[in-house]
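Notes follow once the structure below has been shown.
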Amino acid sequence: NAGVTQTPKFQVLKTGQSMTLQCAQDMNHEYMSWYRQDPGMGLRLIHYSVGAGITDQGEVPNGYNVSRSTTEDFPLRLLSAAPSQTSVYFCASRGRVDNSPLHFGNGTRLTVT
Amino acid sequence: AQSVTQLGSHVSVSEGALVLLRCNYSSSVPPYLFWYVQYPNQGLQLLLKYTTGATLVKGINGFEAEFKKSETSFHLTKPSAHMSDAAEYFCAVSEWAGNQFYFGTGTSLTVIP
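Top line first, the protein sequences correspond to chains W and X.
For the record, in the first sequence the residue sitting at position 27 is 27 according to this note's numbering, with numbers rising by one throughout.
For the record, in the second sequence the residue sitting at position 31 is 1031 according to this note's numbering, with numbers rising by one throughout.
Following this line, the structure appears as structure tokens:
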């Protein structure tokens, strides 16, 4: 039972480069989301999706794009990486029931130099 | 939007001592409440979640949380700390029919032998 799978685990980018962080879940969850975790700031929501073809912005969406073409996948794109985007990124999904918890992947540690 | 406050970014306890991690939320309407644990270099794992009507919620690894509506609190406790409890703990809330989770800034628990 894989749950939420994120790739890659580590990535180093130069300023201005672009990349895609991959996220896949095998629990048939309609809701998926991306968070970034920075020291002392907890987790901040970047983007989320309530189903295929539907995405919305969270608290810190600037510099990131998402799309949701299938229920299983929810990639996060960095258009032009900046040092401020150095962070640990987590993908999470949840089921339909109102008090369903979020299920997290193991994270991607991104460094932008 | 909700806000979640975790008092004490760092808590140290002796092995065998009581663990108390504090969480307060801002909404006058009780939201859905969760506690997560994060071990180094891993994603967040669900410790427990609030169930409507309950005041004391039991979770994994001997942790419990008490819901107090009058104090808008959901503090996490464990009667006797173990070395393996050393981790970062996050309180989170989700609104009724809402699509966003709001996380506290986390409390790092150190267990002293």
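Each residue gets a CB set at the ideal place from its N, CA and C atoms; glycine is no exception.
- In its chain, beyond the 5 residues on either side, Gln1002, Val1004, Val1093 have a beta carbon closer than 6 Å to the beta carbon of Tyr1102 (chain X).
- For the C-beta of Tyr1089 (chain X), not a single chain W residue is nearer than 8 Å; the gap to the nearest is close to 11 Å.
- Under the Cβ distance rule, Leu21 (chain W) does not count among the residues neighbouring chain X, no pair being separated by less than 8 Å.
- Under the Cβ distance rule, Ser1003 (chain X) does not count among the residues neighbouring chain W, no pair being separated by less than 8 Å.
- Secondary structure note for Phe1067 (chain X): its beta strand (DSSP E) is the uninterrupted segment 1064-1068.
- Lys1069 (chain X) and Gln17 (chain W) have their alpha carbons spaced roughly 48 Å apart.
- In the structure shown, Ser33 (chain W) falls within a strand segment according to DSSP collapsed to helix, strand and coil.
- An exposed status is given to Phe10 (chain W), since fewer than 16 other beta-carbon atoms sit within 10 Å of its beta-carbon.
- Along the region 1099-1110 of chain X, going in chain order, the ones with a CB nearer than 7 Å to a CB of chain W are Asn1099, Gln1100, Phe1101, Phe1103, Gly1104, Thr1105, Gly1106.
- Contact annotation: in the region 41-52 of chain W, residues whose CB is within less than 7 Å of a CB in chain X are Met41, Gly42, Leu43, Leu45, Tyr48, Val50.
- Within the region 1040-1071 of chain X, the residues whose Cβ lies closer than 7 Å to some Cβ of chain W are Gln1042, Gly1043, Leu1044, Leu1046, Lys1049, listed in chain order.
- Cβ-Cβ distances below 8 Å link Val1013 (chain X) to Val1019, Ala1081, Leu1109, Thr1110, Val1111, Ile1112 in the same chain, with the five nearest sequence neighbours on each side left out; the list follows chain order.
- Residues of chain W with a Cβ closer than 8 Å to the Cβ of Tyr1032 (chain X) are, in chain order, Asp98, Asn99.
- DSSP places Ser69 (chain W) outside both helix and strand once states are collapsed to three, so it counts as coil.
- When secondary structure is reduced to three states using DSSP, Ser84 (chain W) falls in the helix class.
- Nearest CB-CB separation between Ser1080 (chain X) and chain W: not below the 8 Å threshold.
- Here DSSP, grouped into helix, strand and coil, assigns Asp1085 (chain X) to helix.
- Between Gln25 (chain W) and Gly42 (chain W), the CB-CB gap reaches or exceeds 8 Å.
- Bridge pairing for Asp26 (chain W): absent [DSSP].
- Chain W has a Cβ within less than 8 Å of the Cβ of Ser1009 (chain X).
- When the Cα atoms are used, Thr108 (chain W) and Cys23 (chain W) turn out to be separated by approximately 10 Å.
- With respect to chain X, the C-beta atom of Leu102 (chain W) has a partner C-beta closer than 8 Å.
- Closest in C-alpha terms to Gly1106 (chain X), from the list X:Pro1030, X:Ser1027, X:Trp1035, comes X:Trp1035.
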